[in-house]
Amino acid sequence: ILALSTIDLSEELKVYKVVLFDCVAKDLEIQIAMIFDQQSILEYLSLYEMFISSHYYLKYYETSILSLNELCIKSASVAIRNADITCFLPLLTHGQ
Numbered sequence: 017i018l019a020l021s022t023i024d025l026s027e028e029l030k031v032y033k034v035v036l037f038d039c040v041a042k043d044l045e046i047q048i049a050m051i052f053d054q055q056s057i058l059e060y061l062s063l064y065e066m067f068i069s070s071h072y073y074l075k076y077y078e079t080s081i082l083s084l085n086e087l088c089i090k091s092a093s094v095a096i097r098n099a100d101i102t103c104f105l106p107l108l109t110h111g112q
């Protein structure tokens, strides 16, 4: 919360460029799946990687972070598997 208090993300939140999740919500898996299943996001799922930029969070929340990362990877895999095979998704490549 402290990090978010220094940046105005109101516009990004309004247009869903930034999405915040309650990591202890019972429907978290459904919320993530709904985001990852959007056509506009499918082409970027292969780029997914979770970055932990603070040793503090890794020290105190490592289990939660790793669990959330596994959930995101699982949801991304399901979204890709369920994607329309006639779409252009398999043809896309992104440079690192």
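Going by the numbering used here, the first residue of the sequence shown is number 17, and it counts up by one from there.
The beta carbon of each residue, even a glycine, is placed where N, CA and C say it ideally should be.
Boundaries cannot be given for GLN54, as no alpha helix (DSSP H) includes it and DSSP labels it neither H nor E. Judged by DSSP secondary structure, CYS39 falls outside any alpha helix (DSSP H); it is assigned neither H nor E.
For GLU86, the three-state secondary structure derived from DSSP is helix. If you draw a straight line from the Cα of GLU27 to the Cα of VAL35, it is about 11 Å long.
Rounded to the nearest whole angstrom, the C-alpha separation of ARG97 and ASP43 is 21 Å.
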